[in-house]
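Below is one structure, written out as structure tokens; the observations come after it.
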Amino acid sequence: MPKLSSNQLQEYNDNGYVAPIEVLTKDQAFEIRKEIENIETKWPNELKGAGRNYVHMISPILDEVCHNSKMLDAVESIIGKNILICGTTLFIKNPHEKGFVSFHQDATYIGLEPHNWVTAWLAITDANKENGCMRMWSGSHKDNIRHHEQKYDEGNLLTRGQTVENVPLDETIPLILKAGQMSLHHPTIVHGSGLNKSNDRRIGFVVQSYIGSNVDQVLGKMYVQQARGDDNFKYHQHTKRPSNLMNLDDIKIRKKANKDLQKIFYPGSTKKNSF
Ligand SMILES: O=C(O)CCC(=O)C(=O)O
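This is the structure:
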């Protein structure tokens, strides 16, 4: 099976991310966009606030993406063959809104230990400098967790507005992707993204994250699916894959999963965002 090449793996190890990786055709990515927008139209509150998480639990189309063999082949090269899907998040920036993502390291508040996990950011629309693609501080994953200021600033798409300050913007690399391509990034790389200044939405569907089955959740409870291999550790609750869109049983499990996710995201926090 085609996995990451040795050059791509080297890129990941040296820089803390690797991209672009071809996953879907432009048309397939557009089908995913239509599914997201169909849910937004029929169930207007479903993907808002905390509803941006775990959408793969209620949509067979988004579930299928998480099990895409091209994604899993690449992920397997990094974390090994026993792979769990422990969460998904939609990062949508609508045009002319204030959405941005401050520079941060994913590992800071997420409770996933050890760091045998990787985050897959799949472009559902093109992502470029104009519409606020992610920017990576190359090589920063080699350092430890840095201090994050909790800013809770307006428009910040992170739970606490957690921010690594004084990141040299001109040293960060824009992660430009075409719809259907993905990037993989390391738990400790410093990354963020700016405003969407285009006239269209910027949509990223993020598997946050693919974890090795040896990875525990030290802050709370997570709901996982087996993507490949075995789970000999059994740290997490396994859930079934959705059978049809917005199935009532799946909605119930997703609600519970989202409630439990809030307990992971916010311990010790003075404020709470809507996510
Ligand atoms: O979508 C973005 O701009 C940022 C997403 C992000 O921070 C992540 O996937 O870890």
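To convert, count from 1 in the sequence shown and add 3; that's the working numbering.
Note that beta-carbon positions come from the ideal geometry of N, C-alpha and C, so glycine has one too.
As the structure is a prediction and not an experimental result, all values here were calculated from the model.
| How about F106: is its Cβ closer than 7 angstroms to a heavy atom in ligand 1? | no
| field | For R138, the nearest candidate out of I113, V104 and P47 (CA to CA) | value | V104
| said: Output needed for F236: all residues of its chain with C-beta closer than 6 angstroms, excluding positions within five of it in sequence on either side, in chain order. | reply: S216 and N217
| request: Report the partner residues of K96 according to the DSSP bridge assignment. | output: R205
| query | Counting along the chain, where does the beta strand (DSSP E) carrying I82 start and finish? | reply | I82 -> not in any beta strand (DSSP E); alpha helix (DSSP H) instead, spanning S72 to I82.
| message | Quick test of the definition: if touching needs 3 or more C-beta pairs under 8 angstroms, does the stretch 57-76 touch the stretch 37-46? | response | yes
| request: Decide if T44 is buried, meaning its Cβ has at least 16 other Cβ atoms within 10 Å, or exposed. | output: exposed
| query | Under the DSSP definition of a beta bridge, which residues are partnered with V104? | reply | S196
| field | Proximity test, V167 beta-carbon vs ligand 1 heavy atom, cut-off 7 angstroms | value | no
| task | Please go through the same chain and pick out, in chain order, the residues whose beta-carbon is closer than 8 angstroms to the beta-carbon of M4, but skip the five residues on each side of it. | result | Reliability fails at M4, whose pLDDT of 46 lies under 50, so the model's placement of it is uncertain and the value that follows must be treated cautiously. Closer than 8 angstroms at Cβ, skipping near neighbours: S72 and D76.
| request: State yes or no: is the C-beta of I254 within less than 8 angstroms of the C-beta of T242? | output: no
| Since D252 sits in a beta bridge, which residues does DSSP pair it with? | DSSP lists no partner for D252.
| said: Let me make sure I understand the geometry here. Which of N134, V170 and D156 has the alpha-carbon closest to that of H150? | reply: V170
| Unbroken alpha helix (DSSP H) run spanning Y269, endpoints | Here Y269 belongs to no alpha helix (DSSP H), and DSSP marks it neither H nor E.
| request: Could you tell me if the beta carbon of W46 falls within a distance shorter than 7 angstroms of some heavy atom in ligand 1? | output: no
| task | Label H189 either buried or exposed according to how many other C-beta atoms from any shown protein chain fall within 10 Å of its C-beta, with 16 as the threshold for buried. | result | buried
| From S143, T191, L264 and P245, residue whose alpha carbon lies closest to that of E174 | S143
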